[in-house]
Structure formats: structure tokens, C-alpha cells
Amino acid sequence: MHDLDPSIADTLHSLNPPDETEIEISGADLKGGLAAAEGHRKWQSQSAEKLRDIRRSLEHDMHEKSNEQLAEMIFVATAFDGVDDFILPEARELAQDCLTKVATNLESRGAQHLRDIICIILNSQLKPLFLPSPHPKVNLRTGRKLHVPNGGQPATADFYDDQTWKVEGRGCWNTLKWCISNLERGDYELLWPSLIPPLMTILDDHDLKFRITAIEILQELIRRVDRTLLKRTGIESLFAASLSISITYYNDPEAPVLLLEAVNCSRQLIELTAIPESQDRFERLSDLTTRAIIGGAWLYAGDKLPIMEASIEALIPLVSSLHIGTCRPSSLSYPKTSFRSILYPQPTDFYISVPSVSSVSSKFANLAYRPGEGPFWRDYSEPGFIAGQTVPPTLVNFSNDPPLP
Numbered sequence: 024m025h026d027l028d029p030s031i032a033d034t035l036h037s038l039n040p041p042d043e044t045e046i047e048i049s050g051a052d053l054k055g056g057l058a059a060a061e062g063h064r065k066w067q068s069q070s071a072e073k074l075r076d077i078r079r080s081l082e083h084d085m086h087e088k089s090n091e092q093l094a095e096m097i098f099v100a101t102a103f104d105g106v107d108d109f110i111l112p113e114a115r116e117l118a119q120d121c122l123t124k125v126a127t128n129l130e131s132r133g134a135q136h137l138r139d140i141i142c143i144i145l146n147s148q149l150k151p152l153f154l155p156s157p158h159p160k161v162n163l164r165t166g167r168k169l170h171v172p173n174g175g176q177p178a179t180a181d182f183y184d185d186q187t188w189k190v191e192g193r194g195c196w197n198t199l200k201w202c203i204s205n206l207e208r209g210d211y212e213l214l215w216p217s218l219i220p221p222l223m224t225i226l227d228d229h230d231l232k233f234r235i236t237a238i239e240i241l242q243e244l245i246r247r248v249d250r251t252l253l254k255r256t257g258i259e260s261l262f263a264a265s266l267s268i269s270i271t272y273y274n275d276p277e278a279p280v281l282l283l284e285a286v287n288c289s290r291q292l293i294e295l296t297a298i299p300e301s302q303d304r305f306e307r308l309s310d311l312t313t314r315a316i317i318g319g320a321w322l323y324a325g326d327k328l329p330i331m332e333a334s335i336e337a338l339i340p341l342v343s344s345l346h347i348g349t350c351r352p353s354s355l356s357y358p359k360t361s362f363r364s365i366l367y368p369q370p371t372d373f374y375i376s377v378p379s380v381s382s383v384s385s386k387f388a389n390l391a392y393r394p395g396e397g398p399f400w401r402d403y404s405e406p407g408f409i410a411g412q413t414v415p416p417t418l419v420n421f422s423n424d425p426p427l428p
């Protein structure tokens, strides 16, 4: 492996952020907490200058740098290409400038050159951070699903014990997202064993903010990867299981965002892996609507305004995907009560934003069976539904409801 220039090596080392855990622990002692927080702020202000050094080095002699040297610089720059609290706006702009220069240079060298650098980043920089806490349900050698978890079922939570990636690899999740975003479609299978273990570890983390971050990375992967790869490796079911858990959080501050992102990602995963206009696709979308929204958020968090707003926003694209098939999951609750009473199970002092409700009601009002749209709508819509007829007015008509509080 080529050695970096000493000044750049020092720069890279200095960009390792201080441990946030130390700040939290020191917070119990006011003096120690203030000192730790001040050290963190000082590191934040210095990070921009260090990134400026990296940019200067890339401008002067990028063509002379080896793949290993470029990989180390990209690893650092991508860590600051995110929205995390430890990233100052100036540092983010400098990191993005560095990555733009690298992309411009590598574009002229060809896709294989970029893939080689990403391979180095994944295996030399990212992999060591996640090795101390490997996901128990992923084969590290192949990236496939393990049908029997490593260590057996009792050991499935052991990967929470040593989370080196959080302490020594702050921002590594941004690096993983950059790698996934810059691979060619045909490269995912080659690097699958290096991509899936860290992604699953972050996706199943107990901290909701990391779950949200991982879902954003997963959405990027879904947009690019071939559906057959997800099915052949069994990873589709791991993704689906993790997303199913993410829709069950209601009491955390990040829960509304997590619910919205998890439902959207679940829908995208179904639309990618299920055959269009098949019974499997329809039933999985119906099940998602029932579990996540009608029998989930509306049942267990009907008194929480942020959760309800997130559920309405997540419902809109689901209605579009199911089209007239929306009548199937909605029949569980709509015939028994109006849409308004679902949102207001008891007197409250809040109301759902009118644009959100209007968006959903307009989707319902425009639903109608049209011959030739798909064989399963006719077979699985509710009995008595007449071709060309819109959804019964009771499902969407709010004109007789009392005024909003």
C-alpha cells in the first residue's frame, strides 16, 4: 500500500472526531462537560481547515496519487458529506468540493477505476469498523442471508455490544451511501459482501436516527440494484423484516420521520421485487397499508399529531400504488367510521393539516376500475363494486362533518 504524504496523513488522522460518548459522560460533571464540549467545538472548527488541505492536495497532484491514497482522502471527505450534527456547513461544502474534483478526475479514467477505489474504501476503511460487531444474520463472506443466526437465536443482539463504527468511524454511513451511489449497476453483485453487512448493521441499530439514515441508504440501493440479486441472496426478506420493526416506534421524537421513511421504503422494495400487477404485489401492499397505517399508527398512536401526519403522508403513494385495490385494506375501518373519526377517535385539541387530508381524499375520489388496468383489481376488489364507479362517497365526503376544532 502506498504511503501518504506525511502532511496529508496528519490531516486525515486529525479529522477523527472526538467521541461523543465522552462528552455525554463528562456532562454529569459540569466542568468536565464544558471542557469536552469545547474540545468538540474546536475540532469542528478545525475540520474545515483540514478539509481545505485535502482539497489543495487534490488540486495540485491528483494524477500522481495512487488508488489507495485517493481512497483514504475520499473516505474522509465523504464522512463530512451529510447532515449530521458534527458537520459544520463550511466543512460540508469543502467535502463536496473535494468529491466533485475527484469525480471529475475519475470520470476521465473510466468506471472500472472508480470501482477499484470504491472496493478499497469498502474493504480497507469501512470493513474494519464493522468487523467487531457483525450482523448475526448476514454471511460476511457472501453477503447472503444466514438462515441460522451466528451464535444461535440468543446471540442476535450481540452486535450491539461493540459498535466501533459509531466511535471510530463517525460519518462512515455517509461514506457507505456515497459508495452505493457511485457504483455502476453491474458492480453491485461483485461488491455485495462488502455492502450488505454494514448496511444491515446500521439498519437494525437501536438508535432511531441511524435507522433513518440506513433507510435513506437502502432507498438509494433499491433505485439501482437488480431485483433478482435481492431475491437470490435472501436479503430482501432481511430488509423487509427490519423495515417492519421500524414502523412500530411511536413514542420517540424521531418516530414520525422513521414511520414515513420506513413505509415509503417498504413500498419501494415491494414495487421492485414483486411482479407488476401480480397477486403477490397487491397482497403485500395491502398488508403494508394495514400493518403500518390502519392497524398500526391509527390504532396505537391516534392521539399523536406528528405520527398521524406522517401516516397520512405515507398513505398517499400507497393509495396510488394500490389504486382501486385500496378498497380492500380500507374496508377494515372505513365502512365502520368516517375518515374523520379515524383521525379523531376522541375529542382532541389538534387537527390534521387540511392539505394532507385533501390529498388523500382526492386520491380516493379518483379511484375507479377501468377495464384492462390489471387482472387482479377485478378479482380482489370488494364484492358489489361496479366497474367505472368511484369509491363510495362515505369514504371521502367530509361535508357533513363538524367544523375543525
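24 is the number of the first residue of the sequence shown in the numbering used here; add one for each residue after it. Here a beta-carbon is modelled for each residue, glycine too, at the ideal position from N, C-alpha and C. Bear in mind the structure is a predicted one, so any value in this text is a computation, not a measurement.
Query	Result
Assigned exposure category for E61 - 16 Cβ within 10 Å defines buried	exposed
C-alpha gap between R247 and R314, whole angstroms	27 Å
7 Å Cβ shell around D210 - same chain, five flanking residues per side excluded	R138
Beta-carbon gap between I293 and L283 smaller than 8 Å	no
Other residues of its chain near P279: CB distance less than 6 Å, five sequence neighbours each side excluded	P329, I330 and A333
Limits of the unbroken alpha helix (DSSP H) element including P329	L328 to L345
Coil, strand or helix - K168 by DSSP	strand
Under 8 Å between C-beta atoms of P155 and D181	no
Range of the contiguous alpha helix (DSSP H) that encloses F182	That residue, F182, is in no alpha helix (DSSP H); it is neither H nor E in DSSP.
Classification of R393 by the beta-carbon crowding that lies within 10 angstroms, buried from 16 upward	Per-residue confidence for R393 stands at a pLDDT of 46, beneath the threshold of 50, marking its modelled position as unreliable; no derived number is given.
Between the CA atoms of N274 and I245 - distance to the nearest angstrom	28 Å
Cα-Cα separation, T312 to G319	9 Å
Chain-order list of residues whose beta-carbon lies under 6 Å from that of W196 (same chain, five-residue window excluded)	I225 and T236
Three-state secondary structure assigned by DSSP to V106	coil
Closest by C-alpha distance to D310, when choosing among D326, E277 and I270	I270
Element boundaries [alpha helix (DSSP H), containing V280]	A278 to T296
Status (buried if at least 16 other CB within 10 Å, exposed otherwise) for D326	exposed
Where V161 falls: helix, strand or coil (DSSP)	strand
Residue from L111, E207, E259 and Y272 whose Cα sits closest to the Cα of A324	Y272
Distance, M223 Cα to T251 Cα	19 Å
H86, DSSP secondary structure in three states	helix
For A324, three-class secondary structure by DSSP	coil
Rounded separation between V286 and K124 - CA only	36 Å
Exposure of G175, with buried meaning 16 or more beta-carbon neighbours within 10 Å	exposed
C-beta atoms of G194 and L152 nearer than 8 Å	no
L322 versus Q242: straight-line alpha-carbon distance, rounded	27 Å
Residue range of the unbroken alpha helix (DSSP H) whose run includes V125	P112 to E130
Inter-stretch contact (C-beta, 8 Å, three-pair minimum) for the region 138-148 and the region 94-107	yes
Spatial neighbours of A134 in its chain, beta-carbon cut-off 7 Å, leaving aside the 5 residues before and after	E207
Where V190 falls: helix, strand or coil (DSSP)	helix
Proximity to D120 [Cα-Cα], best of A71, N173, R132 and R290	A71
Cα-Cα separation between K88 and R255, rounded to whole angstroms	38 Å
Inter-residue Cα distance where the pair is E116 and Q67	14 Å
Presumed contact (8 Å Cβ cut-off) between H158 and P220, rounded CB distance	6 Å
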